[in-house]
Each structure stands twice: as C-alpha cells, then as structure tokens.
C-alpha cells in the first residue's frame, strides 16, 4: 500500500482553515512521530490521512486501491472508545466484522488479552476498566487485525510511567513485525525513544520533516529548536 502520498491536502471546519496545503510522502516501515504546539493540526492531519475527516482540497493516495488501503489501516483515538461489551468481545469485534468466525476470533482475543496483561479481566465490561487498561485494549483491538498502517493520537496521554512503558513495548513489537506507525505525541522523551522520522507542525503546516536523529541533533527550523528546548512556540 506504500508509499502513501498527500497532495495539496487541506481541511476546513465551518469555513475556518485548519490545516494545509500539505504535501507529504510516507514510505513503508518505521514510526513517524507528529510533534508541534497545541493547535498545530496534528490530530486533524492524522484523521485526514486516515480518511475520517472531509478534505477541503487535495487527496491522499496509496500504491494499492483506496478500498484495499482502507482495509489495511487502524486508528486509535486519544480517548479510547470502548464498546459496552467485555474485554474479550471488544478485542474480537474487528475480527468478526471482517468475517472471521466467532470461535477463532474469541481464541485470538484471548491470546491478545493475555499479551496485554488483562487475562484476569477477560469477562469484565471494558468501559469500567482504568484509563491505562482501556488504552491497551484500544491498541490491541487496532493491532489484532495485523494492519499495515496504524495511526495513533497521543497514545500515552494521561497515562502513568508503567502504562506508557507497556504501550511503547506494544508499538515497538508492531513496528518490528511490519506495521508502519504514524503517531502524535507531546512527549519529547517518547518521540526520542520511538521515532524513526519526525513531522513537526505549526499553524496547520509542516514546518519540518526529517529523520529523527537529524531532527533532535540539529533541529532544522527555528520553531523546531524552540519546541525541543521547551520554549513556547507562537
């Protein structure tokens, strides 16, 4: 499905310009991290690339037909959305809507529940679990179909250190087994640990796009330098 290409992409909400025009190419492999100040447009760009927000202009194309590319993607929101079902049923749901029989879907769901440390909570209603547990369920539910492309919006926001370590371990494993990841984060430490490339956004535009080592060692723009230094970017 790669490369993924955004050409002259822009988004407006109630006639207000939010992001764009953006021209961008993402190749297969690695973890691309979106960074930038609040309101830079990171979440909007993720949604636009995934195709869940209307574009005012431009297009996103893949090397495979659009329907095939869409079937090979997953998206995890910053606030995890839980079905009013058990942990197992939440995990099995994407497999079953893709046509897998219930028995094999539930078996795979049990494997993933154990993998994310929730084997003791398989039958508990997912909405009543902790924030960190919900985030792990949301991530596992996105990964259970083995997507080629995974979008994540602040996957560790508001989580404690232990939960963040678990989330990052799941992401590293997914990336190592062939899932290309595009994620936003405000956590510079997390970006340094996880990123293979960095997209830095400001005012709805891409201010910089480079390999992670180059970005952090020699920030390519003045605003990127200020952001990494912890200064306010206006």
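In the numbering used here, the protein residues as written are 161 to 394. Note that the Cβ used here is the ideal one computed from N, Cα and C, for glycine as well. Small disclaimer: the values here were computed from a predicted structure and weren't measured.
Would you kindly report the start and end of the unbroken beta strand (DSSP E) that includes residue i?
i, result
"residue 168", "164-173"
"residue 361", "357-362"
"residue 306", "Segment: none, residue 306 is in no beta strand (DSSP E) and carries neither H nor E."
"residue 219", "217-221"
"residue 381", "Unbroken run through residue 381: none, as it is neither H nor E."
"residue 194", "191-195"
Once DSSP output is grouped into helix, strand and coil, what is the label at residue i?
i, result
"residue 370", "strand"
"residue 313", "strand"
"residue 393", "coil"
"residue 271", "helix"
"residue 336", "helix"
"residue 282", "coil"
"residue 230", "helix"
"residue 318", "coil"
"residue 404", "Because residue 404 is not part of the residues shown, which for the chain are 161 to 394, the question remains open."
"residue 242", "coil"
"residue 276", "coil"
"residue 343", "strand"
Take residue i as the anchor and find which of the options has the nearest alpha-carbon.
i, options, result
"residue 170", "179, 313, 393, 296", "179"
"residue 326", "281, 335, 275, 368", "275"
"residue 199", "385, 351, 352, 346", "346"
"residue 177", "364, 242, 386", "364"
"residue 328", "338, 351, 309", "351"
"residue 342", "354, 272, 388", "354"
"residue 222", "187, 244, 201, 255", "187"
"residue 338", "356, 197, 308, 212", "308"
"residue 219", "243, 168, 360", "168"
"residue 163", "174, 184, 175", "184"
"residue 370", "175, 195, 173, 172", "195"
"residue 254", "234, 271, 348", "234"
Going by the beta-carbon positions, is the gap between residue i and residue j smaller than 8 Å?
i, j, result
"residue 209", "residue 288", "no"
"residue 191", "residue 166", "no"
"residue 240", "residue 304", "no"
"residue 193", "residue 358", "yes"
"residue 368", "residue 238", "no"
"residue 299", "residue 236", "yes"
"residue 302", "residue 247", "no"
"residue 206", "residue 313", "yes"
"residue 161", "residue 252", "no"
"residue 295", "residue 323", "yes"
"residue 344", "residue 227", "no"
"residue 379", "residue 366", "no"
"residue 383", "residue 362", "yes"
Starting from residue i, trace the alpha helix (DSSP H) in both directions and tell me its first and last residue.
i, result
"residue 176", "Premise fails: residue 176 lies in the beta strand (DSSP E), 176-186, not in any alpha helix (DSSP H)."
"residue 233", "Residue 233 -> not in any alpha helix (DSSP H); beta strand (DSSP E) instead, spanning 233-236."
"residue 349", "348-354"
"residue 255", "247-257"
Check whether the segment 329-346 and the segment 251-267 are in contact - that is, three or more C-beta pairs closer than 8 Å.
no
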